[in-house]
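Under the numbering used here, residue 809 is the last one in the sequence shown; the count climbs by one each step, no gaps.
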Amino acid sequence: MTDHADTTPMEIDRDKILATVDLNQCSESPGKNDSGNSDSSTRSYTDDFETLPSSGAVSDAHILDLDEYAVSMKEEGALKLQDAVVTSLFNISPATLGSFVSPTVNTFKAVFGTKDMQLVVWRKGLEVFIGTFEHHKSMKAYRFEHVAGFLIGYDGSWHLKVAASNAYSTPKWPDVWAGKFECQGGVAKMTIENEEMAIAKRASVLAATVIGGRYWELKTDVKIT
């Protein structure tokens, strides 16, 4: 995998995606009022990483206590994607998470897995892209099962910008970062969430996929600049 050290701003916001999608083939989410928000105050976090304390605000990232999460996941609210991301990186190694949160690291990209459904966590500056994807070599395309984009505030809070599903791109990482996603039509059409609650719910589905898939146990390629 080639590492790209450019500082091109991420362009995966909803309007950019809509501009590249043929809406005659692909429908957006109806934006049902199913809340993806949750009260994280009762979720079990750890203090294993000093700068991500369990007492952090709901919008901050926290390290999940995976044993407690496995027991309580059915009783508690939706899982936060930022928690799933930092928990996965921490379980690779504390040093890996340290690189991700370091202000001196401009670009961080981790690709989990080498076949089937893979996971990418990609940060440039304060922007973060997360997605589960398959490489369809015969189609010369990546199919992203779930996609989400965040902006991290200087106070450490994570703000969701966009979420989508069943999005196709060329197998070129600069195109992925630029938000050049396409819909391939068919039964499973690309969905771009268009309401805050629906975006949060989609991100929570991705979070559950990340934690449930235990991607940190797979071979991981990490690039930093």
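Ideal placement from N, C-alpha and C gives every residue a C-beta, glycine not left out.
Here the structure is a predicted model, which is why all the values come from computation and not from measurement.
* **Boundaries of the alpha helix (DSSP H) in which ASN675 is found, first to last residue** => In the sequence shown, counting from the first residue as 1, residue 675 sits at position 91. Segment 665-676, the alpha helix (DSSP H) holding ASN675.
* GLU729 - containing beta strand (DSSP E), residue span -> Taking the sequence shown and counting its residues from 1, one reaches residue 729 at position 145. Start and end: 725-736.
* Give the DSSP-derived three-state secondary structure of LYS693 in the structure shown. => On the sequence shown, residue 693 is found 109 positions in, with the first residue counted as 1. Of the three classes helix, strand and coil, the one that applies to LYS693 here is strand, per DSSP.
* Report buried or exposed for THR680, applying the criterion of at least 16 other Cβ atoms within 10 angstroms of its Cβ. => Counted from its first residue, the sequence shown places residue 680 at position 96. Counting Cβ neighbours within 10 Å, THR680 comes out buried, since at least 16 surround it.
* Give the secondary structure of GLY715 by DSSP, where H, G and I count as helix, E and B as strand, and everything else as coil. => Stepping through the sequence shown from its first residue, residue 715 is reached at position 131. It is a strand residue.
* Would you identify the three-state DSSP class for VAL794, choosing helix, strand or coil? => Counting from 1 along the sequence shown, the entry for residue 794 is found at position 210. Note: VAL794 maps to helix in three-state DSSP.
* Asked: Since ALA732 contacts LEU744 with CB under 8 Å, what's their CB separation in whole angstroms?
  -> Residue 732 sits at position 148 when you count from the first residue of the sequence shown. Residue 744 sits at position 160 when you count from the first residue of the sequence shown. The Cβ separation is near 7 Å, so the contact holds.
* To do: Flag this pair as yes or no: are the beta carbons of LEU673 and LEU710 separated by less than 9 Å?
  => The residue labelled residue 673 in the question sits at position 89 within the sequence shown. The residue labelled residue 710 in the question sits at position 126 within the sequence shown. Contact: no.
* LYS724 burial status per 10 Å Cβ neighbour count (16 or more: buried) -> Indexing the sequence shown from 1 puts residue 724 at position 140. With fewer than 16 Cβ atoms within 10 Å of its Cβ, LYS724 is classed as exposed.
* To do: Would you please state the rounded distance, in angstroms, between the beta carbons of TRP742 and GLN666? I believe it to be under 8 Å.
  => Position 158 of the sequence shown, counted from the start, is the residue given in the question as residue 742. Position 82 of the sequence shown, counted from the start, is the residue given in the question as residue 666. The beta carbons of TRP742 and GLN666 sit about 4 Å from each other, so the pair counts as a contact at 8 Å.
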